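In our numbering, the protein residues as written are 97 to 441.
Since the structure comes first, as structure tokens, the remarks are kept for the end.
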Ligand code: GLN
């Protein structure tokens, strides 16, 4: 899936410095959409019953620049549930509240190497969830959100994620009810975390708040604005509102780089070179610090639960827009010559 050969011959902008001009970014986003709209690999998630009803052909892309430039292609305004992508933003809110050290101690920052819903991972690590992007760590993180009651915690999360998106996000009641009726495994995580002293209060109530955060309705465009807020050091580039501090963004992106695509995070970082977070409804958002964010939405997923088309399109965009964090010079072709900028081809 993350086959670097797929991007061979794609001319690459330099990773340091600025994005290409608005028109060029617009052209590249349209090209990415066209390139992968006929890809049909993967399967729509069905362990949350309502997700199985998604139209597998939906495909949206969005790029938001830290300077406020917006680029949408395809179904960028189609609403779907944020699912695990919420974990990244709730984690940022938790660090903002409790600070780097406390959250690191309770939730951790290392990859489990196992699936996002692995109970074995928790048991192998003496009840330490290891990181906030797997379900156990995300539930522990939701438990850290301020509020005297679960409802207050929910409002804090909903309003916080809305500030990242720059518009009021709403709960998708149908998705929430479908997941709440079937989330026995997540409730088991709640109990296990409490038994290991990593969750205070009623574990079912914390899991319920977590289930609501996963059912927030977003679009690929929203995800790109939310990601661009992290890329912009915590200031929403569309509304100008400061949502979290620069330090919180740096901490969040570091954890996401190593854990955002679960057990595939290493492959992703190796091929794409950007922190990114995925969700089982088909969304992925990748963040290029200081530049912007790239979001994809398409419901067919690979075995690890990551959208196939979104991964491919973001891979293409990372290369064509020069976003790979580890690249310090433009790509060279087989003869060793610098790849020509796309417009010269
Ligand atoms: N709400 C989903 C769950 O808890 C989120 C999982 C995901 O997007 N990977 O299983």
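Where a beta carbon is used, it is the ideal one built from N, C-alpha and C, also for glycine.
These numbers were taken from a predicted model, which means no experiment stands behind them.
- Annotation for residue 217: the continuous alpha helix (DSSP H) segment containing it runs 215 to 220.
- Per DSSP, residue 157 is one residue of the beta strand (DSSP E) stretching across 156 to 161.
- Excluding residues up to 5 positions away in sequence, 274, 275 lie with their Cβ nearer than 6 Å to the Cβ of residue 144 in the same chain.
- The beta carbons of residue 310 and residue 177 sit about 6 Å from each other, so the pair counts as a contact at 8 Å.
- Residue 180 sits away from residue 387, with the two beta carbons spaced by 8 Å or more.
- Classified as buried, residue 420 has 16 or more neighbouring CB atoms from the shown chains inside 10 Å of its CB.
- Shortest gap from the CB of residue 270 to any heavy atom of the ligand GLN: 7 Å or more.
- For the pair of segments examined, the stretch 161 to 176 was found to touch the stretch 303 to 323: the number of CB pairs separated by less than 8 Å reaches three.
- In this chain, residue 363 is not harboured by any beta strand (DSSP E); it is covered by the alpha helix (DSSP H) spanning 361 to 367.
- In the DSSP secondary-structure assignment, residue 168 is bridged to 158.
- Setting aside the 5 residues that flank it on each side, residue 246 is surrounded in the same chain by 301, 305, each with a C-beta closer than 6 Å to its C-beta; the list follows chain order.
- The way I'd put it, the stretch 209 to 226 doesn't touch the stretch 407 to 421; fewer than three beta-carbon pairs between them come closer than 8 Å.
- DSSP, reduced to helix, strand and coil, places residue 397 within a strand of the structure shown.
- Taking the CA atoms as reference points, residue 199 sits about 38 Å from residue 118.
- In the structure shown, residue 326 adopts helical secondary structure according to DSSP, grouped into three states.
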